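Trainee: Let me give you the structure first, and then I'll get to my questions.
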Amino acid sequence: MSGFPEVRPRRLRSSAAMRRLVAETTLEPRQLILPMFVREGAREPIAISSMPGVYQHTRDTARKAIAEAAQAGLGGVMLFGIPEHKDETGSGGLDPDGILNVAIRDAASEAGDALLVMSDLCLDEFTSHGHCGVLDAQGRVDNDATLKLYAEMGVAQAAAGAHIVGPSGMMDGQVGVVRKALDAAGYLDTVILAYAVKYASSFYGPFREAVDSSLQGDRKTYQQDGGNAREALREADLDIAEGADLVMVKPALAYLDIIRQVRDHVNVPVAAYNISGEYAMVEAAAANGWIDRERAILETLTSIRRAGADQILTYWATEAAELLARR
Ligand code: PBG
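Under the UniProt record's numbering, the first residue of the sequence shown carries the number 1, and numbering increases by one thereafter.
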């Protein structure tokens with residue numbers, strides 16, 4: 001039989017059972033985290049047009065979605081608050097009765113032990129100018145003045161019942177100040193999921209609609225340049241030295257190589273955020289009938305896991321868990 005192959009990799013693909021036996025990458029509901037938006041004063045959930053299927057929740061519908069997430073076996077939810085009023089310093093983010101802290105309290109009581117409650121620790125949803133920090137007299141984002149607010153915001157979130165806080169503003173030193181403030185307030189067990197590696201990305205577009213952002217300009221003085229990989233390792237190292245328990249890479253799809261490099265470089269869990277624009281691309285193509293939506297969702301999430309992410313934040317989390325259960 002010369003000329004025919006002696007080695008036949010197809011043998012291991014010959015049936016569904018065979019493929020299941022040799023599958024290298026696992027995707028499980030416990031690895032998925034659902035980001036959620038809760039809007040102050042909302043009476044009805046408000047659809048986000050650039051993210052079909054995602055809503056600005058009312059407090060009630062948020063509770064329902066959290067119960068569903070727990071039922072689906074997700075690892076957790078990541079909460080974002082949308083305040084009725086924004087101001088220069090983002091004071092609504094620090095207020096114990098501000099929408100995010102209220103939503104954290106609701107979520108913690110709904111979730112019980114079934115689900116971890118995580119909160120975005122950043123000012124951009126709360127500032128009138130839409131930046132992640134406060135501005136100095138020249139209109140630049142003031143790193144150190146912002147740190148003081150992050151420290152207070154972290155303690156308020158822990159007090160509201162967040163199990164995990166997620167500093168996401170890319171200010172230098174943010175993880176360290178939040179860790180110190182949590183410890184000083186007695187929240188020794190509150191975990192920090194650091195958005196350690198965060199690129200200034202076009203793919204955040206739909207998120208800006210999701211949180212009614214009024215941002216003018218860009219975030220390039222604090223978020224990273226998309227061409228830089230070494231810098232990602234430096235940011236991850238710094239955050240771990242400052243006390244990060246988990247580190248995150250964001251976005252995911254245009255940065256799969258960065259997820260892999262960070263995973264190989266550090267010894268803490270590495271999460272990745274499958275962000276709004278990544279969600280919107282698949283949804284838009286599927287709505288046009290150009291791709292098979294459910295297969296595309298699972299393929300996307302599998303690729304992020306294969307790149308090395310231990311946890312994935314994804315707007316498909318609950319649905320993906322249901323797809324996995326059916327598979
Ligand atoms: C900052 C924050 C952003 C996202 C998560 N946390 C916006 C930004 O950095 O511009 C984006 C998430 C997404 O696009 O899905 N609070």
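Yeah, the Cβ is synthetic: ideal placement off N, Cα and C, and Gly gets one too.
Bear in mind that the values here come from a model prediction, so they are computed numbers and not experimental data.
Below 8 Å on the Cβ atoms is my contact criterion, and I expect E110 with A67 to pass it. Report the Cβ-Cβ distance as a whole number of Å.
Mentor: Position 110 of the sequence shown, counting from 1, holds the residue named residue 110. Position 67 of the sequence shown, counting from 1, holds the residue named residue 67. That pair is a contact at about 6 Å.
Trainee: Under 8 Å by Cβ, that's how I've got Y195 and S168 pegged, so tell me the actual separation to the nearest angstrom.
Mentor: Taking the sequence shown and counting its residues from 1, one reaches residue 195 at position 195. Taking the sequence shown and counting its residues from 1, one reaches residue 168 at position 168. At roughly 4 Å, the Cβ-Cβ gap stays under 8 Å, so Y195 and S168 are in contact.
Trainee: Quick one: is N274 buried, meaning 16 or more other Cβ sit within 10 Å of its Cβ, or exposed?
Mentor: Position 274 of the sequence shown, counted from the start, is the residue given in the question as residue 274. Buried.
Trainee: Whose C-beta lies closer than 6 Å to the C-beta of S91 among residues of the same chain, with five residues either side of it excluded?
Mentor: Position 91 of the sequence shown, counted from the start, is the residue given in the question as residue 91. Closer than 6 Å at Cβ, skipping near neighbours: no residue.
Trainee: Taking the C-alpha atoms as reference points, what is the distance between Q223 and E84?
Mentor: Numbered from its first residue, the sequence shown carries residue 223 at position 223. Numbered from its first residue, the sequence shown carries residue 84 at position 84. Each residue's alpha carbon lies about 26 Å from the other.
Trainee: At which residue ranges does the region 157-214 contain complete beta strand (DSSP E) runs of 3 or more residues, listed in the order of the chain?
Mentor: Listed in chain order, they are 164-167 and 191-198.
Trainee: For ligand 1, any of its heavy atoms closer than 7 Å to the Cβ of F207?
Mentor: Walking along the sequence shown from the start, residue 207 turns up at place 207. Yes; taking the cut-off as 7 Å, the Cβ of F207 has a heavy atom of ligand 1 nearer than that.
Trainee: For the beta strand (DSSP E) containing H57, list its first residue and its last residue.
Mentor: By one-based count along the sequence shown, residue 57 stands at place 57. Segment Y55 to H57, the beta strand (DSSP E) holding H57.
Trainee: Looking at ligand 1, does it come within less than 7 Å of I275, judged from the CB to the closest heavy atom?
Mentor: Indexing the sequence shown from 1 puts residue 275 at position 275. Flag set: Cβ of I275 near ligand 1.
Trainee: Extract the residue ranges of the beta strand (DSSP E) inside the region 108-144, only unbroken runs of 3 or more that lie entirely within it.
Mentor: 116-121
Trainee: Apart from the five residues just before and just after E322, which ones in its own chain have a Cβ nearer than 7 Å to its Cβ?
Mentor: Along the sequence shown, read from residue 1 onward, the residue named residue 322 stands at position 322. Closer than 7 Å at the Cβ level, and outside the excluded window around E322, lie A72.
Trainee: Please name the residue or residues paired with L79 in a DSSP beta bridge.
Mentor: Here the question's residue 79 lines up with position 79 in the sequence shown. As a beta-bridge residue in DSSP terms, L79 pairs with M36 and S119.
Trainee: Just to confirm my understanding: we take G161, look at its own chain, exclude 5 residues before and 5 after, and list those with CB closer than 6 Å. What are they?
Mentor: Your numbering for residue 161 matches position 161 in the sequence shown. Here the set comprises I104, R105 and A108.
Trainee: Which of helix, strand or coil does DSSP assign to T302?
Mentor: The count along the sequence shown starts at 1 and reaches residue 302 at position 302. In this structure, T302 counts as helix in the three-state DSSP scheme.
Trainee: Can you tell me whether D239 sits near ligand 1, meaning its C-beta is under 7 Å from at least one heavy atom of the ligand?
Mentor: Counted from its first residue, the sequence shown places residue 239 at position 239. Checking the Cβ of D239 against ligand 1 gives no.
Trainee: Are the beta-carbon atoms belonging to A272 and A236 less than 8 Å from one another?
Mentor: Within the sequence shown, residue 272 is the residue found at index 272, counting from 1. Within the sequence shown, residue 236 is the residue found at index 236, counting from 1. No, they are not a contact pair.
Trainee: In or out: G98 buried (at least 16 other Cβ within 10 Å) or exposed?
Mentor: On the sequence shown, residue 98 is found 98 positions in, with the first residue counted as 1. With 16 or more neighbouring CB atoms inside 10 Å of its own CB, G98 falls in the buried class.
Trainee: Please classify D120 as buried or exposed, where buried requires at least 16 other C-beta atoms within 10 Å of its C-beta.
Mentor: Locating residue 120 in the sequence shown gives position 120, counting from the first residue. Buried, by the Cβ-count rule.
Trainee: Scan the region 1-31 and note each continuous alpha helix (DSSP H) run of 4 residues or more that stays entirely inside, going in chain order.
Mentor: 16-22
Trainee: Going along the chain, which residues of its own chain have a beta-carbon closer than 8 Å to the beta-carbon of R30, five neighbours each way excluded?
Mentor: Locating residue 30 in the sequence shown gives position 30, counting from the first residue. Cβ neighbours of R30 beyond the five flanking positions: G73, L74 and G75.
Trainee: By the 10 Å Cβ neighbour count, where 16 or more other Cβ atoms means buried, how is Q311 classified, buried or exposed?
Mentor: Translated into the one-based positions of the sequence shown, residue 311 becomes position 311. Result: buried.
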